[in-house]
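Every letter in the sequence shown is one number past the one before it in the working numbering, and letter 402, counting from 1, is 672.
All C-beta atoms in this analysis are idealised placements derived from N, C-alpha and C, irrespective of residue type, glycine included.
Following: one structure in structure tokens, then a few remarks.
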Amino acid sequence: MDKNNEMLADLLYPNARDIAYYLNKYPMRTQAGEVTRLAPSPTGYLHIGQLYQALIHKLIARTTGGVYYLRLEDTDNKREVENAGNMAYQWLKKFGLEAEEGYLGNLGEVGNYAPYIQSKRLDIYHAFAHELVRLGRAFPCFCAPRANKDEILASREEKLNSTGDIEERDVCRDLSIDEIKENLRLNKPFALRLKSLGTDRTYEFYDEIKGKRDLHENMKDDVLIKSNGIPVYAFAHVVDDLLMGTTVVIRGQEWFQSLPVHLELSDAFNFKRFRYAHTPDICKLGENGYPRKISKRLDPEAKAEYYLMQGYPINAVLEYLLNLINSDFELWRKNNPNISLFDFPLELKKIGLNNPLFDFNKLNDISKTIISKMTAEEVYDNAIKWAIEYNKNDYDILTKHKDKFLSVLSIDRGGDRPRKDIVVYSDIVKLYDYILPSFKNEFKFELGNVDKDKLIAFLINYQENFSMPIDNNAWFNELKEMSSNFNFADNKTYKQNTTAYAGNISDVSRFVRLAVTGRE
Ligand code: GLU
């Protein structure tokens, strides 16, 4: 060990512990399965992409008999929104995707690897920063932070001009120990940078989703600890995932390009590298006709809450996402209609490489099917839970007319081919408004060849005399019989001589439906 490096490490981080302390403090995990983690930053609400990630983490851990834990990455205080960490946890919980270990929102945290909140781990980061300096793989940089792109470009220009060296190497890497001491004596703030040893070599890397990829070695002396003592993502990720025993880092593909820095950092510490899986982005078609990532800023559907506000059942959202994650989910669901979706044996290698396009038609279809399998009571109770939170008006109507809604929701339920007319809970009051006393039937219709006088006479008679049989066939037979008294024929007879009849049974059914519900 170079004495100068040891001295420098102590100068920069005088209070740091030896990393052995932390390596001993946090026990090696003993379970055989994968250890995965969701690491949200408290930047606002929960994004649909985070739900998608959380599902992957949870199911991979569950399928392999491992652990899924939650870590709050709150070191970027510029982006932090108050209480957002707790909100993110609460939302995950609402979707059944909270973890059994780690950060629990305002309830604190649970597990052997605490703290799971990065802002409470600064002593740990400083110990590892001290170690990296000791190893000669990090150095202090006293340049003022470059606030914007122009400043960064200007500083690079300078570097190239003065040293003729590769632009990614930072000017401060060559400061002598005396120069550093002098800067420290003057109380100049410093950032800690990685002393990169990378070359322009490319090598093969295996990503658990993307497969074999060519990666460039890192050549940048990236900042690891900012001048306020707070680590950047790259540094915190490597230290945390090491100490917390993560086996596979599953994260969005936007991180793939900074992977070389993360790998160089792990190697500098001489840690065993983690396995990585970079997931595709959920996209939608942009205004220009090209797919783009669903964006917090532009798209209301980026928010996980959006789907609950609309009245989708939670399982519909999760099953839709599972479809995007592993395309064989649908078949699995068909073969296992009654098993919890959390028991789906999700596999990383079956995640497609292409960015999936969010398809509301598919989501609606899944949602309809899920609602169609519920009992009338379940639909009603879920609609009430939705309305309490999101629609006071519907809540009042649903509670006031509970019995009527329960009976209308019972129609065509429970058989082999249940009715699939409800997509979201917010459909219910609109769809069945005809059962309400306030309903005004203002239906518009084309009479076509139907005899108007006969039709009106039939409808009045039907309203007065129909017996409301329970059985569908009995109901239809009664309708046929009663309408035949007004010269309506079955379809086949009608076709043989259209002018001889007032209309056919299809017309009758249609007008009964219109008269009752106001809808086609
Ligand atoms: N805090 C990072 C984010 O929110 C997490 C990235 C990761 O999963 O490693 O994007």
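Closer than 7 Å: residue i CB and nearest the ligand GLU heavy atom
{"i": "tryptophan 525", "result": "yes"}
{"i": "arginine 519", "result": "In the sequence under discussion, the amino acid at residue 519 is valine, which differs from the arginine named in the question. Yes, since a heavy atom of the ligand GLU falls inside the 7 Å radius drawn around the Cβ of valine 519."}
{"i": "valine 503", "result": "Rather than valine, the amino acid found at residue 503 in this sequence is tyrosine. Yes, Cβ of tyrosine 503 sits closer than 7 Å to a heavy atom of the ligand GLU."}
{"i": "proline 385", "result": "no"}
{"i": "glutamate 379", "result": "no"}
{"i": "serine 528", "result": "no"}
{"i": "alanine 309", "result": "yes"}
{"i": "histidine 507", "result": "yes"}
{"i": "glutamate 343", "result": "yes"}
8 Å Cβ shell around residue i - same chain, five flanking residues per side excluded
{"i": "alanine 504", "result": "Asp492, Leu494, Ser528, Val531, His532, Leu535"}
{"i": "leucine 668", "result": "Tyr650, Ala653, Ile654, Ala657, Phe675, Ile698, Val699"}
{"i": "glutamate 793", "result": "Absent from the model: residue 793. The displayed extent of the chain is 271 to 790, so no value can be given."}
{"i": "proline 297", "result": "Asn382"}
{"i": "aspartate 511", "result": "Arg307, Val519, Phe544"}
Opening and closing residue of the alpha helix (DSSP H) in which residue i lies
{"i": "leucine 293", "result": "289 to 295"}
{"i": "serine 530", "result": "Looking at the sequence provided, one finds proline at residue 530 rather than serine. Where proline 530 is concerned, the enclosing alpha helix (DSSP H) stretches over 529 to 539."}
{"i": "isoleucine 495", "result": "Not the alpha helix (DSSP H): isoleucine 495 falls in the beta strand (DSSP E), residues 493 to 495."}
{"i": "histidine 400", "result": "392 to 404"}
{"i": "arginine 332", "result": "318 to 334"}
{"i": "glutamate 575", "result": "574 to 580"}
Contact with chain C by residue i, beta-carbon distance below 8 Å
{"i": "phenylalanine 628", "result": "No chain C appears in this structure, which consists of one protein chain only."}
Span of the beta strand (DSSP E), counted from its first residue to its last, around residue i
{"i": "threonine 769", "result": "No beta strand (DSSP E) holds threonine 769; DSSP gives it neither H nor E."}
{"i": "leucine 308", "result": "305 to 308"}
{"i": "aspartate 635", "result": "Taken as a continuous stretch (DSSP letters only), aspartate 635 belongs to no beta strand (DSSP E), being part of the alpha helix (DSSP H) at 630 to 642."}
{"i": "arginine 562", "result": "561 to 563"}
{"i": "phenylalanine 409", "result": "408 to 411"}
{"i": "histidine 548", "result": "545 to 549"}
{"i": "aspartate 721", "result": "Premise fails: aspartate 721 is in no beta strand (DSSP E) and is neither H nor E."}
Contacts around residue i, its chain only, beta-carbon distance under 6 Å, and the 5 residues preceding and following it disregarded
{"i": "valine 587", "result": "Tyr577"}
{"i": "methionine 271", "result": "none"}
{"i": "arginine 307", "result": "Tyr339, Arg341, Thr516"}
{"i": "isoleucine 705", "result": "Lys674, Val678"}
{"i": "alanine 286", "result": "His396, Ala397, His400"}
Spatial distance of residue i from residue j (CA atoms)
{"i": "alanine 574", "j": "alanine 414", "result": "39 Å"}
{"i": "arginine 689", "j": "leucine 555", "result": "32 Å"}
{"i": "asparagine 608", "j": "alanine 331", "result": "22 Å"}
{"i": "methionine 357", "j": "glycine 366", "result": "14 Å"}
{"i": "glutamate 343", "j": "phenylalanine 630", "result": "31 Å"}
{"i": "lysine 363", "j": "valine 337", "result": "17 Å"}
{"i": "valine 509", "j": "glycine 372", "result": "16 Å"}
{"i": "aspartate 346", "j": "lysine 643", "result": "45 Å"}
{"i": "alanine 408", "j": "arginine 455", "result": "20 Å"}
{"i": "serine 597", "j": "glycine 622", "result": "8 Å"}
{"i": "glutamate 479", "j": "leucine 784", "result": "In the sequence as displayed, the identity of residue 479 is isoleucine instead of glutamate. Answer to the nearest angstrom: the Cα atoms are 53 Å apart."}
{"i": "methionine 514", "j": "valine 441", "result": "34 Å"}
{"i": "lysine 724", "j": "isoleucine 730", "result": "10 Å"}
{"i": "glutamate 557", "j": "glutamine 388", "result": "38 Å"}
{"i": "glutamate 589", "j": "asparagine 757", "result": "51 Å"}
{"i": "proline 284", "j": "lysine 632", "result": "58 Å"}
{"i": "glutamate 748", "j": "glutamine 733", "result": "12 Å"}
{"i": "valine 502", "j": "lysine 328", "result": "26 Å"}
{"i": "histidine 671", "j": "serine 708", "result": "12 Å"}
{"i": "phenylalanine 614", "j": "isoleucine 636", "result": "16 Å"}
Same chain only: Cβ atoms within 7 Å of residue i, ignoring 5 sequence neighbours per side
{"i": "leucine 591", "result": "Leu321, Tyr322, Leu325"}
{"i": "serine 432", "result": "In this prediction, serine 432 scores a pLDDT of 48, lower than 50, which makes its location untrustworthy; no coordinate-derived value is stated."}
{"i": "arginine 404", "result": "Met271, Asn275, Glu276, Ala279"}
Cβ neighbour criterion (16 or more within 10 Å) applied to residue i
{"i": "serine 753", "result": "buried"}
{"i": "isoleucine 681", "result": "exposed"}
{"i": "glycine 434", "result": "Because glycine 434 carries a pLDDT of 47, less than 50, the predicted location of this residue cannot be relied on, and no value is offered for it."}
{"i": "methionine 489", "result": "buried"}
{"i": "asparagine 274", "result": "exposed"}
{"i": "proline 570", "result": "exposed"}
{"i": "asparagine 774", "result": "buried"}
{"i": "arginine 543", "result": "exposed"}
{"i": "phenylalanine 728", "result": "buried"}
Closer than 7 Å: residue i CB and nearest the ligand NAP heavy atom
{"i": "leucine 454", "result": "As for the ligand NAP, it is missing from this structure, which binds only the ligand GLU."}
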